[in-house]
Amino acid sequence: MDQPSATDPDPEGSGDGAGGDAGGDESGDESVIRTRALTKRYRGGQLAVDGLDLTVPAGSVFGFLGPNGSGKTTTIRMLMGLIEPTSGTARVLGRPMPRAARTVLPHVGALIEGPALYGFLSGRDNLVRYDAADPTADPRTRNTRVAAALDRVGLAAAAGKKAKAYSLGMKQRLGLAAALLQPRRLLVLDEPTNGLDPQGMREIRSLVRELASDGTTVFLSSHLLDEIEQVCTHAAVMAQGRLITQGLVADLAAGTRGRLVVTTPDPADAARVLKEQGAGDVVVAEDRVTADPPDGELADITMALVTAGVRVRGFGVERASLEDAFVALTGEGFDVAG
Ligand SMILES: Nc1ncnc2c1ncn2[C@@H]1O[C@H](COP(=O)(O)OP(=O)(O)OP(=O)(O)O)[C@@H](O)[C@H]1O
Ligand SMILES: [Mg+2]
């Protein structure tokens, strides 16, 4: 039965519908999203996503990280069945996409780049429309659901205002509220904090944590490294359509050595000694000298500094951030566009 072949991208056959429980993961693993060699080349010839193998474990808050143009939205559109991949496969909740979209999507809340809103309707009435478009939603409890969703994203007070008068951040919140009308197994959020002020960003982050603690898997894209570090358990890093790495956030950063930092009133001497000790990329900024630590024992470096008469006020290795990991992996600054 289960005979994967090289020519059939989906060996499972077209069995969705019949006994089509989107919860059934026939492959028996715990991944909520799984792609294999997923590729999208746009009609203009742009290779936006290139051979992506993504595995999103159940219960994770998964950060999909990459600079502008790295293929995040394109990937999300393929996952949600909005566009067809050029090649490769995508499975969501254990089912092939886009084929099983009808069975899968009711379990998935999605917020994708600029939610479609009716400007002439109030925020509340926009949600009422969304809810009414869901055949599984009970009309008798519609108002309660809408009120709860508005409350959850902090829009209760502005619910009567026309959506066209909403700020970008308010529109973003309304889109998120639409994704939260029903309990979901998976939330897919494309840059959910885009356009929000710092307070709004904090609110969305705490909402994401709250949803995750209820057991919802959250897949969120961002070009903000610190955002991913703050909320995500797992992350995948994209650059120019290709997956650079994926795994536990803690492991991604830990795989990279942080910067050596020496605080000293003798920075020039300190820099010389660090270079002699084999440190790379030595940078002096006033009384701070930073460098990539050489292999070997850090204590040897402190010894060398002291022996050379360098007065040391502070010495340590800064914890590597995801940004350090990104730069180490790609050899590029994070702001480079694809
Ligand atoms: N409809 C389209 N037709 C042609 N090319 C496209 C289309 N949409 C996106 N692209 C190109 O595909 C690449 C990936 O774009 P995508 O929107 O997926 O990136 P992204 O990571 O979401 O970027 P951002 O952080 O700016 O949202 C870019 O080079 C983009 O110009
Ligand atoms: Mg995008």
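Counting from 104, one number per residue, gives the positions in the sequence shown under my numbering. The beta carbon of each residue, even a glycine, is placed where N, CA and C say it ideally should be. This one's a predicted model, so the numbers in the text were calculated from it and none came from an experiment.
DSSP three-state assignment for residue i, whether helix, strand or coil
i, result
"L425", "helix"
"D395", "strand"
"H326", "coil"
"Q380", "coil"
"I331", "helix"
"M183", "coil"
"T189", "coil"
"R375", "helix"
"A140", "strand"
"K264", "coil"
"R345", "strand"
"L271", "helix"
"T319", "coil"
"S173", "coil"
"V211", "strand"
"V364", "strand"
"G298", "coil"
"L56", "What is shown of the chain runs 104 to 441, which leaves residue 56 out entirely."
"V256", "coil"
"R419", "Contrary to the premise, residue 419 reads as Gly rather than Arg in this sequence. Strand, per DSSP."
"V413", "coil"
"R241", "One point to set straight first is that residue 241 is Asp, not Arg, in the sequence displayed. Reduced to three states, the DSSP call for D241 is coil."
"L283", "coil"
"P370", "helix"
"R288", "coil"
"E216", "coil"
"E306", "helix"
"E313", "helix"
"A203", "coil"
Straight-line Cα distance separating residue j from residue i
i, j, result
"D128", "V195", "A caution first: D128 carries a pLDDT of 43, below 50, which makes its placement in the model too unreliable to give a value."
"A125", "G399", "Note that A125 scores a pLDDT of 46, beneath 50, so its modelled location is shaky; the value from the coordinates is reported in the next line. Computed Cα separation, rounded: 51 Å."
"Y145", "P201", "17 Å"
"A266", "L279", "14 Å"
"E216", "S325", "11 Å"
"V207", "I186", "15 Å"
"G272", "L224", "17 Å"
"T320", "R288", "6 Å"
"R308", "Q333", "8 Å"
"S163", "G417", "38 Å"
"G419", "A394", "11 Å"
"N246", "P396", "59 Å"
"A161", "A259", "31 Å"
"D237", "G383", "58 Å"
"Q349", "A204", "26 Å"
"P212", "R375", "Correcting the residue identity first, residue 212 is Gly in this sequence and not Pro. For G212 and R375, the distance between alpha carbons rounds to 56 Å."
"V231", "R312", "26 Å"
"H210", "G197", "12 Å"
"D234", "G257", "18 Å"
"A282", "G147", "32 Å"
"A407", "V413", "9 Å"
"E306", "R243", "30 Å"
"Q275", "Y269", "9 Å"
"V159", "L290", "12 Å"
"L292", "E421", "31 Å"
"M183", "P199", "11 Å"
"A431", "S316", "32 Å"
"S130", "V415", "Reliability of the predicted coordinates at S130 is poor, the pLDDT of 49 falling under 50, and the value obtained from them is presented with this limitation in mind. Roughly 57 Å between the two C-alpha positions."
Bridge partners - residue i, DSSP secondary structure assignment
i, result
"R386", "Note on identity: in this sequence residue 386 is Val, with Arg being the wrong assignment. V386 pairs with T393."
"R198", "V195"
"G339", "Sequence check: residue 339 is Ala here, not Gly. F167 and Q349."
"D293", "S324"
"L155", "L141"
"F223", "DSSP output for F223 lists no bridge partner at all."
"P160", "S134"
Any non-hydrogen atom of ligand 4 within 7 Å of residue i CB
i, result
"T158", "Inclusion of ligand 4 in the displayed structure is not the case, the ligand content consisting of ligand 1 and ligand 2 alone."
Counting pairs of beta carbons, one from the stretch 361-372 and one from the stretch 191-207, are three or more of them closer than 8 Å? no
Validate contact between the stretch 251-261 and the stretch 173-183 using beta carbons, cut 8 Å, 3 pairs: Contact between the stretch 251-261 and the stretch 173-183 is absent, with fewer than three C-beta pairs closer than 8 Å.
Is there contact here, the stretch 151-170 with the stretch 319-339, by at least three beta-carbon pairs under 8 Å? yes
Three or more beta-carbon pairs under 8 Å between the stretch 383-393 and the stretch 340-353, yes or no? Short answer: they don't touch.
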